[in-house]
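Note that the protein sequences, when read in sequence, are chains A and B.
Read the first sequence against my numbering and you will find it ends at 257, with the numbers running on by one and no gaps.
Read the second sequence against my numbering and you will find it ends at 528, with the numbers running on by one and no gaps.
Reading through the C-alpha cells given below for one structure.
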Amino acid sequence: MKTRKKASKFKLKPLGLLAIFLSFFTWFIISDDGLKLISPVKFPPPTHVLNAIEFLNVKLLTDSISTIARVLFGLIVGTILGSIIGAVVVFSKKIGEFLHPLIESARPVPVIAMIPFFLMWFGIEEPGKLLLVTIGVFMLIVVNVSESIRNIPKIYIQAAQTLGASKYTIRRKILLPAVVPNMIGPLRVAIALTFTLVVAAEFMGAQSGIGYRILEARRLFNPQVIFLGIIQLGILASIFDFALRKFMAHLTRWSER
Amino acid sequence: MLPFSGSNEVGGIILENSTILEFKDVNVEFDSEGKKTHALTNFNLDVNENEFVCIVGESGCGKTTALNLAAGLLKPSSGTVKMNGEVITGPDSTRAVVFQSDAVFPWMTVEENISFGPRSQGKDKNQIEKTVNQYLELIGLSEFRKSWPMTLSGGMRKRVDLARAYASNPKILLMDEPFGALDFILKENLQEQLRKLTAINKKTIIFITHDLEEALFLGDRVVVMTPRPGTIAKIVNCNFGEIRENNLRTSENFIEMRIELRKLMGKAPNL
C-alpha cells in the first residue's frame, strides 16, 4: 500500500529560529544597547521596548482584546457574507449577471479611501470601524469564492449527477468540501488584510486598540511604544495565521497538500 | 456454434431481446471557432438489456460523444437517444458513468464514496450498509473502508470508482476508457474482474475504449467506429462465453477476430 506522509509544515526548523534570533541580535547590536549606531529616538533599543511593556502594563492586554475583537468580527462576518454572495453569484445566473459588474468595479477600490465617509457617518464610533474591515474582507472573499467554485473540476459534479445526487446534495457534499482547499490562500491573505484595516480603522480614531496606542505614542513621542505595538501586531497576526492553517489542515486532511 | 444473435430461443419460442437504449439517426456537431466539426454522423445503435457493448475506435471517432449522449451530459444536434422508449433529457441515477480520469471524491473515504449513490437516492440505512460491505468485499478493499482515496494506488481508486457506480444500482453503466491510464498487467486483471462481475451481477454496460483487445475481451458486441466523420464501421458479436479468463487473449479465434477488425480501423497517419 502506498501512503504519503504529510510534510510537517508547522514545525519551526532550527534554521528558521536562527533567522529570528539573528534579526533580534542585529537590532540589539546596532541600537543604543549595543554599538549605538542609530539614535534611540529613531529606532528604540530592546531595553526601551521592554520598559514600554512595563509602562503600558494592563493596557497591553486591553488594547490586544479590542484589536482582536475587531479582527474577529471583520474576518468572520466578511467571510460569511462574502462566501454566501460569492456562491449565489455562481449558482444563480440571473443574480450573477446582476451583481458581477458591480462587484468587479467596486473590488479594486481601496476601502481606506472611504474612511472620510465613515468618519462623517459614524464618527469614531465602533460601527464605522467594523464596517470598514468587513467590507474589505468581503470584497476579497466574494471573488475568491466565486472563482474557486468555478474551478472545481466538472467531472465531480457530473459523477455526482449520474449517481443520483440532487442540486442541494451536490452543493453540500461536493462543492463545499471541494472549495475548501482553494480558500486557504485567500483566507490567509484575508487575515493580513484584516489586521491592516483594523489598524487603519483605529488610526481614524478610537479609545483603545493597538493602532490607537501606536498613534497616541506618535503624538506623545514615544517610539518604544510604537515599536512594541508593531511587535504585538506581528505576534497576534502570526497566531491567527497559525490557527487558520491548523484548522484548514484538519478540514483538508484528505488532500495531498 | 451459432454466433450470438439479437434474439434468444427459449423452448422453441423466440423472444426478442428488449432494447433498453436506442440511438436513432444521431448527429452531433460542434462549433469551434466558427468551424463545424462532425463529432458523430448518422449514428444508429440499439443496446439490449444486460448486454455488454464495447465501442472501439481511435481518438476523434466520436466514441466519447456517444457515451456523453447516453449519460445525458450532451444533447444531439439531430436524432434521438432514448432509454426505455423515453428521450434522455439529462443525467440521472439510471445511468452511472465511470470516467477515464479519476473521479473518486477525494474528500470522502472509500466507504463514503461507495455509499454516495444509495445515500443520494435516500436508500434505507441497513440496505446501504449491506451494499457497501458487498462491494468492498468484491473489490477486495474491505480493510481500506475508512481510508482516504489519496492513500490508495491508481488501480485501487479505479476499483472504488467501479464499485461506486455499481452500488448506485443504475440500469445502465457507462464506462469511458476507465482503465486507460493504468499499466498493462493491472488493466488485464481488472478486465477479467469486470467480466466476472458482470456475469454475477447482470448489467447493461457501454464501454468505450481505443484498445481493440480490451473491447473483444469484454464485449458481448463490439462496435467499431471510424473518425472524420465519426461513424460506425461495423458491429460484431463476440461469442466467447460469460466468464472470460486471461488465456482467451491468446486463443486462435480471438486473435483472428482481432486481426480482422484491426484492418477496419485503418492505418496510423504518417508522422
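The beta-carbon is built from N, C-alpha and C at its ideal position, and this holds for glycine as well.
Model, not experiment: these values are computed from the prediction.
Self-check item: Cβ of B:Phe373 within 8 Å of any chain A Cβ
Solution: yes
Exercise. Starting from the N-terminal side, write out each stretch of the alpha helix (DSSP H) that is 4 residues or longer and does not extend beyond the segment 71 to 136 of chain A.
Key: 93 to 106, 115 to 122
Quiz item: So what does DSSP say about A:Tyr168, is it helix, strand or coil?
Solution: helix
Quiz prompt | Classification of A:Gly82 by the beta-carbon crowding that lies within 10 angstroms, buried from 16 upward | solution = buried
Quiz item: First and last residue of the alpha helix (DSSP H) that includes A:Phe227?
Solution: A:Phe227 -> alpha helix (DSSP H) spans 223 to 251.
Practice problem: For B:Pro363, return the contacting residues in chain A, with the cut-off set at a CB-CB distance below 8 Å. | Solution: Residues of chain A whose Cβ lies closer than 8 Å to the Cβ of B:Pro363 are, in chain order, Trp254, Ser255.
Quiz item: Since B:Lys428 and B:Arg376 are thought to touch, with beta carbons under 8 Å apart, how far apart are those beta carbons, to the nearest angstrom?
Solution: Incorrect: roughly 19 Å between the Cβ atoms, too far for contact.
Quiz item: Can at least three beta-carbon pairs, one atom from the segment 295 to 307 of chain B and one from the segment 319 to 339 of chain B, be found at a separation below 8 Å?
Solution: Touching, yes.
Practice problem: Given a cut-off of 8 Å, decide if B:Met482 and B:Ala472 are closer than it, judged by their beta-carbon atoms. | Solution: Against a cut-off of 8 Å, the Cβ pair of B:Met482 and B:Ala472 comes out as no contact.
Practice problem: Quick one: grab the DSSP three-state call for A:Ile260. | Solution: With chain A covering 1 to 257 only, the question about residue 260 of chain A has no answer from this structure.
Exercise. Please compile the residues from chain B whose C-beta is within a distance smaller than 8 Å of the C-beta of A:Gly164.
Key: Near A:Gly164 (Cβ distances below 8 Å), the residues of chain B are Asp349, Ser350, Gly374, Ser377, Gln378, Ser425.
Quiz item: Going by C-alpha distance, which of B:Leu469, B:Gly437, B:Asn426 is nearest B:Met529?
Solution: With chain B covering only 258 through 528, there is no way to say anything about residue 529 of chain B.
Quiz item: Which stretch, first to last residue, makes up the beta strand (DSSP E) that contains A:Ile210?
Solution: Residue range 210 to 219 is occupied by the alpha helix (DSSP H) that includes A:Ile210, with no beta strand (DSSP E) assigned at that position.
Quiz item: If you check the beta carbons only, do A:Ile141 and A:Thr79 fall under 8 Å apart?
Solution: yes
Quiz item: Is it true that the CB of B:Ile385 sits closer than 8 Å to the CB of B:Ser404?
Solution: No, the pair does not count as a contact, with Cβ atoms beyond the cut-off.
Quiz item: Which residues, taken in chain order from the segment 86 to 113 of chain A, show a beta carbon closer than 7 Å to some beta carbon of chain B?
Solution: none
Self-check item: Residue environment, A:Phe221, which counts as buried when at least 16 other CB atoms sit within 10 Å
Solution: exposed
Self-check item: Selection from B:Phe362, B:Gln357, B:Arg414 that minimises the alpha carbon distance to B:Phe464
Solution: Nearest option by C-alpha distance: B:Gln357.
Quiz item: Could one say the Cβ of A:Ala237 lies closer than 8 Å to chain B's Cβ atoms, at least one of them?
Solution: Taking Cβ atoms only, chain B never reaches closer than 8 Å to A:Ala237, which makes this a no.
Quiz item: If you draw a straight line from the C-alpha of A:Pro101 to the C-alpha of B:Arg452, how long is it?
Solution: 54 Å
Practice problem: Tell me, please, whether the segment 381 to 399 of chain B touches the segment 198 to 209 of chain A by the rule of three or more beta-carbon pairs shorter than 8 Å. | Solution: For the pair of segments examined, the segment 381 to 399 of chain B was found not to touch the segment 198 to 209 of chain A: the number of CB pairs separated by less than 8 Å stays below three.
Quiz item: Looking at C-beta atoms only, is the number of pairs between the segment 221 to 239 of chain A and the segment 50 to 67 of chain A that lie closer than 8 Å three or more?
Solution: yes
Quiz item: Under the DSSP definition of a beta bridge, which residues are partnered with B:Glu279?
Solution: B:Asp303, B:Lys339
Self-check item: Rounded C-alpha distance that separates B:Val313 from B:Lys520
Solution: Whole-angstrom Cα-Cα distance: 13 Å.
Exercise. Note down, in chain order, every chain B residue with its Cβ under 9 Å from the Cβ of A:Ala178.
Key: Phe362, Pro363, Trp364
Quiz prompt | Buried or exposed by the 16-neighbour rule on C-beta atoms within 10 Å, applied to A:Met204 | solution = Buried.
Self-check item: Distance between beta carbons of A:Asp63 and A:Thr47, contact taken as under 8 Å
Solution: Wrong, their Cβ atoms sit about 22 Å apart, outside the cutoff.
Quiz item: From B:Gln378 to B:Val355, what does the alpha carbon distance come to, in whole angstroms?
Solution: Using only the alpha carbons, I get a separation of about 18 Å.
Quiz item: If we cut at 8 Å on Cβ distances, does B:Met340 have a partner in chain A?
Solution: no
Quiz item: Does A:Ala249 come within less than 8 Å of chain B when only Cβ atoms are used?
Solution: no
Quiz prompt | Sufficient close CB pairs (3 or more, under 8 Å) joining the segment 490 to 503 of chain B to the segment 431 to 450 of chain B | solution = The segment 490 to 503 of chain B vs the segment 431 to 450 of chain B: in contact.
Self-check item: First and last residue of the uninterrupted beta strand (DSSP E) at B:Val480
Solution: Per DSSP, B:Val480 belongs to the beta strand (DSSP E) from 478 to 483.
Practice problem: Can you tell me which of B:Val480, B:Lys292, B:Gly412 puts its alpha carbon nearest to the alpha carbon of B:Glu308? | Solution: B:Val480
Quiz item: If you draw a straight line from the C-alpha of B:Thr366 to the C-alpha of B:Pro406, how long is it?
Solution: 6 Å
Exercise. Please name the residue in A:Glu216, A:Thr67, A:Leu175 whose C-alpha comes closest to that of A:Gln158.
Key: The shortest CA-to-CA distance from A:Gln158 to any of A:Glu216, A:Thr67, A:Leu175 is the one to A:Leu175.
Exercise. In the DSSP assignment, find the alpha helix (DSSP H) that holds B:Asp418 and state where it starts and stops.
Key: 411 to 424
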